[in-house]
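Novice: Take a look at this one; I'll ask things after.
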């Protein structure tokens, strides 16, 4: 987010400098400027969407390792998203479908604590409730 803001500020300063030098915006400069802003906006959206999916994917992988059961479908809800300063501690609620002994189960894991230590995420113990689909 900070990188995006700095990049936009740099582009605005460059636009002001070009305007002061030429006293106008040419069509070519305007197209370049709009193209760069569009590229930054698209890259920010892609970055945010991949970041949003990272922890549910991690939960899915660790569940497979721990229980040797694959999660068929998974939905997640970030519970501590109102705390903006929390970039090292996340609390999720996961709802997922698993197949065990030829039966499908709907399971929920409430208040799953995920802690970030440097570049590694650690999922703490959680309780899951499962019922037959």
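Numbering (the numbering used here), first residue to last: -2 to 130. We put the beta carbon where it would ideally sit given N, CA and C, even for glycine.
In three-state DSSP terms, what is residue 121?
Specialist: Coil, per DSSP.
Novice: Looking at residue 90: is its Cβ nearer than 9 Å to the Cβ of residue 107?
Specialist: Yes, they are a contact pair.
Novice: I'd like the list of long-range same chain contacts for residue 85, defined as Cβ closer than 6 Å, with 5 residues on each side in sequence excluded.
Specialist: Only 113 meet the Cβ criterion.
Novice: Would you say residue 69 and residue 88 are within 9 Å of each other, going by their C-beta atoms?
Specialist: No; because the gap between Cβ atoms is not below 9 Å, this pair is not in contact.
Novice: Let me know the beta strand (DSSP E) ranges lying completely inside the region 32 to 75, each 3 residues or longer, listed in chain order.
Specialist: The qualifying runs are 68 to 75.
Novice: Would you kindly work out how many angstroms separate the C-alpha atoms of residue 98 and residue 66, rounded to a whole number?
Specialist: Approximately 10 Å, taken between the alpha carbons.
Novice: Give the range of the beta strand (DSSP E) segment to which residue 90 is assigned.
Specialist: 86 to 97 is the span of the beta strand (DSSP E), which, as asked, contains residue 90.
Novice: Quick check on the DSSP output: the beta strand (DSSP E) that includes residue 113 runs from which residue to which?
Specialist: Run containing residue 113: 100 to 114, per the beta strand (DSSP E) assignment.
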